[in-house]
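Working notes, structure below.
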């Protein structure tokens, strides 16, 4: 073999090794890029799952908030009902007080009526007694005249 061919052959082999090294580096770089790409896809999937979970939590929070508003409204209705009942009780108590006052007044009126009736009865009894005495005197007088005249 000639030195020129040897040099060319060596140069070809050197070039071939250089290309193989470059090819190896490219393959390694490609593998790293693919691995990096897969990792990015995984992170993207994780972010998507995380985002969906956040959306789900947001929906749950919204439902929870609406339930809280509903309970608050129910409490307000309950408080209004309690206030209304309290007002009705106050009215009932006032009515009871008025009724009691009216009963006391009627009791006083009945007591006054009773005393007036007793007073009238006493007057009538006195008048009746006076008339009875008068009648007794008249009767006695008639008896006396009848006895005297007989």
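In the numbering used here, the protein residues as written are 936 to 1085. Just so it is clear, CB atoms sit at the ideal spot from N, CA and C, and this is done for glycine as well. Because the structure is a prediction, the values reported are computed rather than measured.
Between the alpha carbons of residue 975 and residue 1015 lies a distance of about 58 Å. The straight-line gap separating the alpha-carbon atoms of residue 1052 and residue 1046 is approximately 10 Å. Residues of the same chain with their beta carbon placed closer than 6 Å to that of residue 981 are lacking, with the five preceding and five following residues left out of the count.
Straight through space, the alpha carbons of residue 967 and residue 946 are spaced by roughly 31 Å. Residue state for residue 951 is assigned as helix, using DSSP reduced to three classes. Going by C-alpha positions, residue 952 is about 31 Å away from residue 973. DSSP, reduced to helix, strand and coil, places residue 1057 within a helical segment of the structure shown. Cβ neighbours of residue 1040 within its own chain (closer than 8 Å, five residues either side excluded): none. Here the alpha carbons of residue 997 and residue 1023 stand approximately 38 Å from one another.
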